[in-house]
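Q:
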Amino acid sequence: MKQILRLVVKEYRLFIADKVALGLTFIVPVILTAIFGAVFGGTSAGPRGIRLAFVNESSSPIATSIEEALDTTKAVRLLKTFRGENTIEQKFDSLSAKEYVQKGSASAALIIPADIFSDTSLGLKVKFFYDPKNDIEMQMLKGIVQRTMYSQLGNLFPQMMQKQTEKFLGADSGGLFNREMALLISEYFEVDTNLILHPNLMAWRDSSETTSDRPDFFADLIRIDETQLVGQKVTNPWATRSVGGWAMMFLLFTLTGSATSLFDEKKSGVVLRLLASPISRIQILWSKYLFNVSLGVVQLVFLFIVGWLMFDINVFPNFFNLLLIITAAAIACTAFGMMLAAFCRTTQQASGWGTLLILSMSSIGGAWFPVSFMPEYIQFFSKLTIIYWSMDGFLEVLWRGVGILSILPNIGILLGIAALVNVVSVIQFKKGHVF
Amino acid sequence: MIQIKNITKSFPSVVALNDVSLEIQDRSFYGLLGPNGAGKTTMMNLLIGYLQPDKGELLIGGQKQTPENLNLRKNIGFVPQTIALYDDVSAQTNLEIFGSFFDIKTNILKERIDEQLNAVGLFERRKDLVKTYSGGMKRRLNIAASMLHNPEYLLCDEPTVGVDPQSRNAIFDLLQKLNSEGKTIIYTTHYMEEAERLCDKIAIIDSGKIIAEGTLGELVEKLPYDEAIIITKNKQTIQHRNSLNDFGVILDHDDHFELKPNNGIPLSKFFEKIEHLGIGYQSVELHKPTLEALFLHLTGRTLRD
Ligand SMILES: Nc1ncnc2c1ncn2[C@@H]1O[C@H](COP(=O)(O)OP(=O)(O)O)[C@@H](O)[C@H]1O
Ligand SMILES: [Mg+2]
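Protein chains in written order, with the working numbering: chain Z, 1 to 435; chain L, 436 to 740.
#1: Which chain L residues sit within Cβ distance under 9 Å of isoleucine 279 of chain Z?
#2: Using a C-beta to C-beta distance shorter than 8 Å, which residues of chain Z count as neighbours of tyrosine 485 of chain L?
#3: Starting from the beta carbon of valine 524 of chain L, find every residue of chain Z whose beta carbon is closer than 8 Å, and list them in chain order.
#4: Does any residue of chain Z have a CB that is nearer than 7 Å to the CB of proline 600 of chain L?
#5: I believe phenylalanine 381 of chain Z touches isoleucine 364 of chain Z by the beta-carbon criterion, under 8 Å. Please report the beta-carbon distance rounded to the nearest angstrom.
#6: Nearest CA to the CA of valine 449 of chain L: which residue from L/Gly472, L/Leu658, L/Arg739 and L/Leu694?
#7: Which whole-angstrom value is the C-beta distance of aspartate 93 of chain Z and valine 126 of chain Z, which I expect to be below 8 Å?
#8: Distance cutoff 7 Å, beta carbons only. Does alanine 288 of chain Z sit that close to anything in chain L?
#9: Determine, using beta carbons only, whether leucine 468 of chain L and isoleucine 639 of chain L come nearer to each other than 7 Å.
#10: Mind checking leucine 414 of chain Z: buried by the 16 CB within 10 Å criterion, or exposed?
#11: I'd like to confirm something about glycine 624 of chain L: is its beta-carbon nearer than 6 Å to some heavy atom of ligand 2, or not?
#12: Can you pull the DSSP bridge partners for asparagine 56 of chain Z?
#13: State the Cα-Cα distance for the pair lysine 437 of chain Z and glutamate 593 of chain L, rounded to the nearest angstrom.
#14: Mind checking if threonine 517 of chain L is an interface residue toward chain Z, Cβ cutoff 7 Å exclusive?
#15: Which residues in chain Z sit within 8 Å of threonine 528 of chain L, going by Cβ to Cβ distance?
#16: Using only the heavy atoms of ligand 1, determine whether one of them is closer than 6 Å to the beta carbon of alanine 473 of chain L.
#17: Whose C-beta lies closer than 7 Å to the C-beta of alanine 106 of chain Z among residues of the same chain, with five residues either side of it excluded?
#18: Does isoleucine 224 of chain Z get closer than 7 Å to chain L when you measure Cβ to Cβ?
#19: Cα separation between asparagine 542 of chain L and phenylalanine 36 of chain Z?
#20: Going along the chain, which residues of its own chain have a beta-carbon closer than 6 Å to the beta-carbon of isoleucine 331 of chain Z, five neighbours each way excluded?
#21: For lysine 444 of chain L, which three-state DSSP category applies?
#22: For phenylalanine 316 of chain Z, does the count of other Cβ atoms within 10 angstroms reach 16, so buried, or fall short, so exposed?
#23: At a CB-CB cut-off below 8 Å, which residues of chain L make contact with lysine 10 of chain Z?
#24: Short of 7 Å Cβ to Cβ, which residues in the segment 244-262 of chain Z face chain L?
#25: For a contact meaning CB atoms closer than 8 Å, what does glutamine 379 of chain Z contact in chain L?
#26: Is asparagine 453 of chain L helix, strand or coil by DSSP?
#27: In three-state terms, what does DSSP make of phenylalanine 369 of chain Z?
#28: Quick check on threonine 43 of chain Z - is its C-beta less than 7 Å from some C-beta in chain L?
#29: Out of L/Asn510, L/Asn614 and L/Leu590, which one is the CA nearest neighbour of methionine 479 of chain L?
#30: Quick check: the Cα distance between glutamate 376 of chain Z and methionine 361 of chain Z, rounded to an integer number of angstroms?
#31: Under a three-way DSSP split, which group does proline 132 of chain Z fall into?
#32: So what's glycine 570 of chain L in DSSP terms, helix, strand or just coil?
#33: Go ahead and pull the three-state DSSP assignment for valine 76 of chain Z.
#34: Are the Cβ atoms of proline 415 of chain L and asparagine 510 of chain L separated by less than 7 Å?
#35: Leucine 702 of chain L to threonine 667 of chain L, Cα distance in whole Å?
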């Protein structure tokens, strides 16, 4: 044990003397994290204030509620008026709105026509004019508008149904059918049949006096009640998610680099010199392992503290559990580095394979963007990576603020991966190619 | 004493050592001379316990050398064939690191480091990074790093490869001093001059086999002749061949004559005659009985082949 500690001390002395390694371990990740932090805007994901010229020609209540919903959406800035040639502020009409977009003063125009909800149509009808120069922005804007309109559909649904039945069955039998359906529904769901047949009479507005009648019944059928259940205290969700991922990637690079120091020591003959001293091969391997794990823990803690300084990530409330998952992650990453050292013959080979594997594991494992964005068959592979389970553990700890029990599976899986990889490496080391 | 008993060591493609037995007395300066690939380094790696023999055993001071016998290593200093140092730190740091594995008290280690730095003439440069050193300086530090624990046995694997003459002489002086102080030294080389100059006993190794062993005197006695004079064939030498018959027996070879001098003929007379005949000195070459000649005699090849 004494010899192992002396060897670890040796590793640290050499590491500290190696300014390049120091820089790659601590400075470069900070710079890159800062750059990505700036690119992704720090505090919140998603766009803000996309300019949308807006004309509402309809007086129907549904048009009003769409307008209100869009007005309160942070991602869009609804422009209803503009300054004309005589600098008088005037309301948009569909022509001026279109011109406004053509001039480039707004990204798009949304026009709600008078017949937004016609008797003959099956749904809502709006007009959307856009400038395709910014495709991504356009996709987002369309998504937001569609979502807003969809959220109003709950209220329209029964009316649309009734119109369709009357259209197909004729006014008489259609009306009869509708009334019988209404009776049936009212019996099961305990709602007034009037509300089903003529919801727009009373349902849209002002629910204060009609709560007992459950006027929002249909809206409730579809309405998505958004409440953030976890991470309520997370000041910086983007950073909390991604700093862990980036940190893991840098950690893998660091540990691959330092695990392959064995090659340099072998090439120079230092391994011979060490083994001619009272040191065994297994002590050298253990010292590398211990050094790498401890360096990994130091690097991860350092990067999380940088995350705290730069992005306000709450690392301290749950620091002990964070440290546990960090240690497990470092052990697993070290195993990975040692495996590369066991299988490759030269530093160049190891760094080539290392880069390939680290970049693919990082992307698949979710270091760059969330795993849920990926196709399902890729998500299967995500779960085979160290990155995935480490990041999941970091998020559990930082986001949910969970206790040790909830991260035990993550720690177990990480240590399991490490054990498996280590067995493979030891078998390979025993073949004696490395030393 | 180091006893090498019937050692055989094979690698997948080659038998590096084939039934080698040697005995090295304490306090001797023992040379292992052989061309590249002869098996010298393999023998060293076995002696330090880095490799294990396929057959046979190694005893150092009566103890069996194995990869597990870590205690025995405290008695052995090893100078690898390569420059086994950390390039990015100073000589001082290198010595501190390599000295740290021998259970030496900190203050004593510090003294030893200064002592070794002085011995190899690097004390002034001890704070400089090793990568700024010349090849000769690195070689000297390579030796210093092996002596920190004051071992009884010092194994040097070609410690002067790629070294300038000045550093080479400094290394020779250092090793001879260590030997005179009582260290047992095993020294491998493919330079016969080194073996001749340094070693009191020499084993000549070729293709994993010891082909001769003994003191320098014993070895050259194995040559069937003492001295030979080689005379390159050209117009003049062919013309005057018979005028040289008085000096000894002349053998005819493809491109040269070989003159085996008769006993008691002074060389000065021979050279007077050469000058008299107008034969240039450059076509005459004196062959002393050397290890090189012995190696040539035993293997039909030169050491540098
Ligand atoms: N690790 C190894 N694997 C395979 N062959 C080796 C290995 N080490 C040495 N050899 C072979 O063994 C022979 C002796 O090598 P070595 O002991 O290094 O010779 P020397 O030091 O005298 O130049 C050579 O043919 C060499 O190629
Ligand atoms: Mg060699």
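Think of the CB as a built atom: it goes at the ideal place given N, C-alpha and C, for glycine as much as any other residue.
A: To lay it out plainly:
#1: Chain L residues near isoleucine 279 of chain Z: Leu505, Arg508 and Phe536.
#2: Near tyrosine 485 of chain L (Cβ distances below 8 Å), the residues of chain Z are Leu272, Leu275 and Ala276.
#3: Under the 8 Å cutoff, chain Z gives Arg13, Leu14 and Ala17.
#4: The Cβ of proline 600 of chain L sits no closer than 7 Å to any Cβ of chain Z.
#5: Taking the Cβ atoms as the reference, phenylalanine 381 of chain Z lies roughly 5 Å from isoleucine 364 of chain Z, within the contact range of under 8 Å.
#6: Residue L/Gly472 holds the alpha-carbon nearest to the alpha-carbon of valine 449 of chain L among L/Gly472, L/Leu658, L/Arg739 and L/Leu694.
#7: Cβ-Cβ separation between aspartate 93 of chain Z and valine 126 of chain Z: approximately 15 Å, too far for a contact (criterion under 8 Å).
#8: Here residue 288 of chain Z is lysine; the residue named in the question, alanine, does not match the sequence. Not one beta carbon of chain L lies nearer than 7 Å to the beta carbon of lysine 288 of chain Z.
#9: In this structure, isoleucine 639 of chain L lies closer than 7 Å to leucine 468 of chain L by Cβ.
#10: Per the 10 Å Cβ criterion, buried.
#11: Checking the sequence, you will find threonine at residue 624 of chain L rather than glycine. It does not: the Cβ of threonine 624 of chain L is nowhere closer than 6 Å to a heavy atom of ligand 2.
#12: Asparagine 56 of chain Z is bridged to Z/Ile112.
#13: In this structure chain Z extends from 1 to 435, so residue 437 of chain Z is not present and cannot be described.
#14: At least one chain Z Cβ lies under 7 Å of threonine 517 of chain L.
#15: Result: Arg13 and Ala17.
#16: Placement of the Cβ of alanine 473 of chain L at a distance of less than 6 Å from at least one heavy atom of ligand 1 is found.
#17: Once the five neighbours on either side are set aside, the close Cβ partners of alanine 106 of chain Z are Arg51, Leu52, Ala53, Leu79 and Tyr100.
#18: Bear in mind that the predicted position of isoleucine 224 of chain Z carries a pLDDT of just 46, short of 50, making it too unreliable to give a figure here.
#19: Straight-line Cα distance between these residues: approximately 50 Å.
#20: Result list for isoleucine 331 of chain Z: Val293 and Ala418, in chain order.
#21: DSSP, reduced to helix, strand and coil, places lysine 444 of chain L within a strand of the structure shown.
#22: Per the 10 Å Cβ criterion, exposed.
#23: In chain order: Ile532 and Ser535.
#24: Listed by position along the chain: nothing, the set is empty.
#25: Correct list: empty, because the minimum Cβ distance to chain L is about 43 Å.
#26: Note: asparagine 453 of chain L maps to strand in three-state DSSP.
#27: Correct three-state label for phenylalanine 369 of chain Z: coil.
#28: With a pLDDT of 48 at threonine 43 of chain Z, under the threshold of 50, the predicted position of this residue should be treated as unreliable, though the coordinate-derived value follows. No, threonine 43 of chain Z lies away from the interface with chain L (no Cβ there is under 7 Å from its Cβ).
#29: When only C-alpha atoms are compared, the closest one is L/Leu590.
#30: Cα to Cα, glutamate 376 of chain Z sits roughly 16 Å from methionine 361 of chain Z.
#31: Looking at proline 132 of chain Z - three-state DSSP - the assignment turns out to be coil, as it is neither helix nor strand.
#32: In the displayed model, glycine 570 of chain L falls within a helix according to three-state DSSP.
#33: In the three-state DSSP reduction, valine 76 of chain Z falls in the strand class (E or B).
#34: With chain L covering only 436 through 740, there is no way to say anything about residue 415 of chain L.
#35: If I take the Cα positions, the gap works out to 18 Å.
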